[in-house]
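Read in order, the letters of the sequence shown are residues 1 to 1024 in this note's numbering.
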Amino acid sequence: MELRILLLGAVELRAGEECVLLKAPKERLTLAALAWDAGRTVSVDTLIHRVWDDHPPAKPREALYVHLHHIRKALSALAGSDGPTISNSSHTYTLQADPDAVDLRRYLILLDQARWLADGGSDREALAAVHEAFRLWGGEPLAGLPGAWAAQLRSFVEERNLTTARLQAEVALRLGHYAEAITGLQPLADHEPADESLAGQLALALHGCGRTEAASRLLQRTRQYILRESGSEPGAELQHIHRGVLARTPVTVLLPSHSSPASPAPIPDTLPPDVPWVGRQAELEQLTGMMASAVEETDGTAFTAAAVTGMPGSGKTALAVHAAHQLREHFPDGRLFLELRGHAPHLPPMSPAEAIGELLRLLGTPPAAVPQDLNGLIALWRNLARGRRFVAILDDAASVEQIYPLLAGDFSSFILVTSRHRLTGLPNVHHLALDVLSRTDAVALLQRLLGDEEQTPDAGGAATLARLCGDLPLALTLIARRLLSRPTWRVSDLVERFSRARRRLPEIRDRHGAMASALDISYKALTSTQQRVFRRLGMHIGSELGPEAAASLAGLPLEEVEHALEELLACCLISEPAPHRYRLHDLLREYASTLAEEDTAAENQHALDRLLLHYLHTADRVDRRAYPHRLRIALPADATAPPVRHDTDPQQWFTIEAPSLLAALEYARTHGSPQQAALLTHTLAGFLSSEGYLSTATPLLRAAVTHWQTTGDRAAQGRALIDLAGVCAGAGYYDEALHSAQEALKLAQQTDDEELEAEALHQQSITCWHTTQNTDAFSLQQRALRLRLAGTDRLQQGRSYNVLGMICLGLERHKDALKYFLDGRARFHDVGDRRGQFVAVHNLAELHKEAGNLDSAIGAYRQAISLSQAPVGTGQCAILQMNLADTLCRHGRPKEALGLYDKALPALRSSGDRRSEAIAHIGIGQALHAAGRSEQALPHYTAALTIARTIRATLEECQALRALGEVEATTGRLAQARRHLNASLALSRKINSGMEEIETLRALSDLQRNGTLSSGTQGDDMST
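Right under this line is the structure:
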């Protein structure tokens, strides 16, 4: 049974004799809002606006969902599973129904048909269409429903009815159906007494029915009304009719002449064929939604033009054509497609005059009537377009100047522009920029293009091929055509060819074209400076870059390069993923690097050397602000390096540039000179250590030490050894860290380098502290402090005081630790070092925690968090989170603690800080144990024990053993518990830690007494 949706009169659903009227007005309005666009997607925002205007409820989406749920139930109840359904996708809904099933949609289609038939001379068919439409009329549309959208729709339908009534009367008169003409004309003439056309038609109809006297009286009244209102006689046509009526001339003689062409005028339709569509659903819905609104919204608020832009091959034209095909019925006056030749290989772009002239001809303007000057063309174009509903695709636009004259005007149609340029100067135009396809869409497109079962790839093969094609629609289309032209080939054959080929672009082609050809056209349109910058961008060793790096590559002034980058961005040859960060698509990068091969090898090498020098000097300037305590190796001069802005946040700069810096390091290692690699490694050592790139830094620093040893530069060698010692200590390579610091100390003493000597003692002290050799650590740091107190560098003095405090905390000398921490914090404050202040406050929090002042500890941790807005590395922030979590656990808040541990552990693991990772595992185990989840704690303690033994972190090994014993005791594994606790006790005595010995003895006592245990662990302090 066919279900019909009635919008004429009350909104209801009808199937045969059965009818459902939705109870709530908003439900009926929701159904109407969907039915008006039956078969098309409607965005959630559009539905909300149609139902609630600008006053939606507090949770409009939830309210909309409830209404849709009730509508779905009603549809299912009336029509079952075979009837219309409501589908949803990506913030849109679609009523899956034939538009003819909606009475109002069918009504308006019939009225359009009647007009076309009448214009074409088919009066009888036109009148039949009007009659069929009027039989559908059930009353005012959306009767009784409130809201601006419903009112606008009623107004729109009312205007169409008035126009159709006039058309019906004209046709009825011509056919001699005078009574019907009177019925339609009488109310119109009464409403518009000064309308001469209506009065004349009604008089002819009355005269034709034999009511000549009535016709004469009507004409007389009309004459008197017009004289009274305007002071002039009626027009010649009405006077002619009046004389004829008085003379009883037959109606057929008095009717205005009406030419009847042999066939209706053809509707222009030059759209290219549509293709089966895959992907870009969000962009398609956005575009079709705008196009539909341009026709439906008559208040001037809707966009009437859109510009679809993107790099060559991104599928701009295909999207525009598909959208126009989807909304064909919205544009009954024509669907136009015009190629503007913005990037035609052998033809210049169309001028605005050429383009408008061609559009006029497509709309049926006789050649003789087309003006020859631009102003005349624009005027005729505006006049012809006004009041018509057509869509025009202006494909491959070259510039704003080419397009602007075609858009100026008040259109009720929709202009859709595609271009490789960002046409940002066009007023009242919506801009839609296309990126590459998502990998999922790219795979689906490739499988759709190949089609044949034997050649259709599986998801894995298609994904590989899509990646090799850069997920570009044109590249995928070309490669699919090439594959289809070789029936014996499979996807694996093409993938193999790609893997063997030096370049991918030559492989992306078919018999009729190549991807490189499309790029050639865009490149040749650039200026020489833009071409040079584009070629150099292809040589960049990272994934993206800033304008300063681009200027170094190009060897041009920064301002000139910034202008070129803006033009390349406007031409969609590069993208800007973040402000002032530029990136090339993979295939464009390959294309640019291929072009760069046309330059000499020397020119290209100079460009890369300039780039490395840029990163070296810029990173050095930022590093001096981020890590002012580091010892420096002298760098070669570079007068071309642009200054770093004073307001640049050092940590943010390192974070943004990290991929490029790491790529530069790798390039320097594999292609640069040993000195380039050693200097860049030294400059970035602070960043690499702080941000957890320890596994990357360690081999590079070893190579740097070897290089400086080979060259005999003992000052540089000593500083490279300090860099290596710090990174190895952070990574848990304590033997190598200690050895490196000792070697640096020997070099310092041989060369009387007191700065290096103090830092070497400092690094030895930190390594001993890491391995719980606290007595040795204290002695070494006192020696470092004596050297530093002899000088005036308060920052270095603060570092020594801070480490002495950490050591005293480990020795349980809490009073001394407090004094040292406060002395260190004062010096950090004096020199304005926020990183040092952060570390000092964090360590004071640790002191409060170990002293049992948990509230004070939590307060200090919160203060440290506020200071972590300074250039503090992710590793140190993770340690802060971990130590606060431990304090919260001791405070009886294990759930909060676990939340912080969940954030800290991945950061510590990725940074390579093995010791802190072990401490975090112990802390997680304790929080789980405190929360009554002892079994879940065991794997964390086991992981901590494994890490601690691997890196020889004796204190953490002792704590992990005790924690394992405690949990094993509570879970009934008494023998294992005793073995682990005894091992922990032996280690605590070995490292001379009275606190650990006391905790373990207490655990053993609990085990012997009743198996009831408690635990605690020390957090990780921070050094600088």
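The C-beta atom is built at its ideal place from N, Cα and C for all residues, glycine as well.
Note that the structure is predicted; figures quoted are calculated from it, not measured.
Q. What is the residue span of the beta strand (DSSP E) that Val308 lies within?
A. Within the sequence shown, residue 308 is the residue found at index 308, counting from 1. That run of the beta strand (DSSP E) goes 305 to 309.
Q) If you check the beta carbons only, do Ser232 and Thr304 fall under 9 Å apart? A) In the sequence shown, residue 232 corresponds to position 232, counting from 1. In the sequence shown, residue 304 corresponds to position 304, counting from 1. No, these two residues do not count as a Cβ contact at 9 Å.
(Q) Assuming Ala552 is part of the alpha helix (DSSP H), what are its boundary residues? (A) Position 552 of the sequence shown, counted from the start, is the residue given in the question as residue 552. Sequence inspection shows Ser at residue 552; the Ala mentioned does not correspond to that position. First-last of the alpha helix (DSSP H) with Ser552: 547 to 554.
Q. Nearest-angstrom Cα distance between Gly244 and Arg221?
A. Counting from one through the sequence shown, the residue named residue 244 turns up at place 244. Counting from one through the sequence shown, the residue named residue 221 turns up at place 221. Spanning the two alpha carbons is a distance of roughly 17 Å.
Q: Enumerate in chain order the residues of its own chain whose CB-to-CB distance from Val443 is below 8 Å, with the five nearest sequence positions on each side excluded.
A: Translated into the one-based positions of the sequence shown, residue 443 becomes position 443. These residues qualify, in order along the chain: Ala459, Ala462, Ala463, Ala466.
Q: For Asp395, write down the residues that DSSP places opposite it in a beta bridge.
A: Residue 395 sits at position 395 when you count from the first residue of the sequence shown. Note: Asp395 sits in a beta bridge opposite Glu339.
(Q) With the cut-off set at 9 Å, would you say Ala737 and Trp708 are in Cβ contact? (A) For the purposes of this step, residue 737 is identified with residue 737 of the sequence shown, where counting begins at 1. For the purposes of this step, residue 708 is identified with residue 708 of the sequence shown, where counting begins at 1. No; because the gap between Cβ atoms is not below 9 Å, this pair is not in contact.
Q: From the DSSP output, in three-state form, read off Glu597 for me.
A: Taking the sequence shown and counting its residues from 1, one reaches residue 597 at position 597. It is coil, neither helix nor strand.
Q) How big is the Cα-Cα spacing for His929 and Asn883? A) Counted from its first residue, the sequence shown places residue 929 at position 929. Counted from its first residue, the sequence shown places residue 883 at position 883. Straight-line Cα distance between these residues: approximately 17 Å.
Q: Scan the segment 966 to 1007 and note each continuous alpha helix (DSSP H) run of 4 residues or more that stays entirely inside, going in chain order.
A: 974 to 990
Q | For Thr270, the three-state DSSP class (helix, strand or coil) | A | For the purposes of this step, residue 270 is identified with residue 270 of the sequence shown, where counting begins at 1. The answer is coil: DSSP assigns Thr270 none of H, G, I, E or B.
Q: Note down the Cα distance separating Asn992 from Arg621, rounded to an integer number of angstroms.
A: As a position in the sequence shown, residue 992 is number 992, starting the count at 1. As a position in the sequence shown, residue 621 is number 621, starting the count at 1. Looking at the two C-alpha atoms, the distance is approximately 44 Å.
Q | Beta-carbon proximity of Gln837 to Leu809, cut-off 9 Å | A | Taking the first residue of the sequence shown as 1, we reach residue 837 at position 837. Taking the first residue of the sequence shown as 1, we reach residue 809 at position 809. Not in contact: Gln837 and Leu809 (Cβ atoms no closer than 9 Å).
Q: Using three-state DSSP, classify His421 as helix, strand or coil.
A: Here the question's residue 421 lines up with position 421 in the sequence shown. It is coil, neither helix nor strand.
Q: Kindly indicate the opening and closing residues of the beta strand (DSSP E) around Gln96.
A: Within the sequence shown, the letter at position 96 stands for residue 96. Its beta strand (DSSP E) spans residues 92 to 96.
Q | Beta-ladder partner(s) of Glu18, from DSSP | A | As a position in the sequence shown, residue 18 is number 18, starting the count at 1. DSSP lists Ala15 as partners of Glu18.
Q.
Tell me the rounded alpha-carbon separation between Asp195 and Glu401.
A. Here residue 195 is taken as the residue at index 195 of the sequence shown, counted from 1. Here residue 401 is taken as the residue at index 401 of the sequence shown, counted from 1. Approximately 44 Å between the Cα atoms of the pair.
(Q) Just list the residues that DSSP pairs Arg583 with in beta bridges. (A) If you number the sequence shown from 1, residue 583 lands on position 583. According to DSSP, which records beta bridges pairwise, Arg583 is partnered with Ser575.
(Q) Based on DSSP bridge pairs, tell me the residues matched to Leu432. (A) Here residue 432 is taken as the residue at index 432 of the sequence shown, counted from 1. Answer by DSSP bridge pairing, in chain order: Val308.
Q | Of the residues Leu854, Arg40, Leu981, the one placed nearest Gln286, counting alpha carbons only | A | In the sequence shown, counting from the first residue as 1, residue 286 sits at position 286. For the residues Leu854, Arg40, Leu981, the minimum Cα distance to Gln286 belongs to Arg40.
Q: Answer with buried or exposed for Pro650, where buried requires no fewer than 16 other C-beta atoms within 10 angstroms of its C-beta.
A: Your numbering for residue 650 matches position 650 in the sequence shown. Under this definition Pro650 is a buried residue.
Q) Roughly how many angstroms lie between the CA atoms of Pro547 and Leu437, to the nearest whole one? A) Taking the sequence shown and counting its residues from 1, one reaches residue 547 at position 547. Taking the sequence shown and counting its residues from 1, one reaches residue 437 at position 437. For Pro547 and Leu437, the distance between alpha carbons rounds to 27 Å.
Q: Please state whether DSSP places Pro193 in a helix, a strand or coil.
A: Mapped onto the sequence shown, residue 193 falls at position 193. Of the three classes helix, strand and coil, the one that applies to Pro193 here is coil, per DSSP.
Q) According to the Cβ coordinates, are Ala592 and Met515 closer than 9 Å? A) In the sequence shown, the residue the question calls residue 592 occupies position 592. In the sequence shown, the residue the question calls residue 515 occupies position 515. Not in contact: Ala592 and Met515 (Cβ atoms no closer than 9 Å).
Q | Rounded straight-line distance, which links the Cα of Arg834 to that of Leu446 | A | Within the sequence shown, numbered from 1, the residue matching residue 446 stands at position 446. Within the sequence shown, numbered from 1, the residue matching residue 834 stands at position 834. Approximately 55 Å, taken between the alpha carbons.
Q) With distances taken between CB atoms, is the gap from Pro268 to Gly334 smaller than 9 Å? A) Here residue 268 is taken as the residue at index 268 of the sequence shown, counted from 1. Here residue 334 is taken as the residue at index 334 of the sequence shown, counted from 1. It is a contact, given that the beta carbons lie within the stated cut-off.
Q) Just checking, does the segment 958 to 965 make contact with the segment 989 to 1007 on the three C-beta pairs under 8 Å criterion? A) yes
Q: Specify whether the segment 560 to 578 and the segment 606 to 618 touch according to this definition: at least 3 beta carbon pairs, one from each stretch, less than 8 Å apart.
A: no
Q: Classify Leu3 as helix, strand or coil using the three-state DSSP reduction.
A: Counting from one through the sequence shown, the residue named residue 3 turns up at place 3. Three-state DSSP puts Leu3 in a strand.
Q: Label His980 either buried or exposed according to how many other C-beta atoms from any shown protein chain fall within 10 Å of its C-beta, with 16 as the threshold for buried.
A: Here residue 980 refers to the residue found at position 980 of the sequence shown. Buried, since its Cβ has 16 or more Cβ neighbours within 10 Å.
Q. Cβ of Leu745 within 8 Å of any heavy atom in the ligand SAH?
A. This structure simply doesn't include the ligand SAH, nor any ligand for that matter.
(Q) Rounded to the nearest angstrom, what separates Val42 and Val51 at their Cα positions? (A) Walking along the sequence shown from the start, residue 42 turns up at place 42. Walking along the sequence shown from the start, residue 51 turns up at place 51. Approximately 13 Å between the Cα atoms of the pair.
(Q) If you reduce the DSSP assignment to three classes, tell me which class Asn88 lands in. (A) Working through the sequence shown from its first residue, we reach residue 88 at position 88. Asn88 falls in the strand class under three-state DSSP.
Q.
According to DSSP, simplified to helix, strand and coil, what is Ser660?
A. Residue numbering aside, residue 660 sits at position 660 when the sequence shown is read from its first letter. DSSP places Ser660 in helix when its eight states are reduced to three.
Q: Could you tell me whether the segment 816 to 824 touches the segment 841 to 857, using the rule of 3 or more Cβ pairs below 8 Å?
A: yes
Q: Sort Asn428, Thr477, Val429 by Cα distance to Gly451 and report the nearest one.
A: To locate residue 451, count along the sequence shown from 1; it is residue 451. Per the Cα distances, Thr477.
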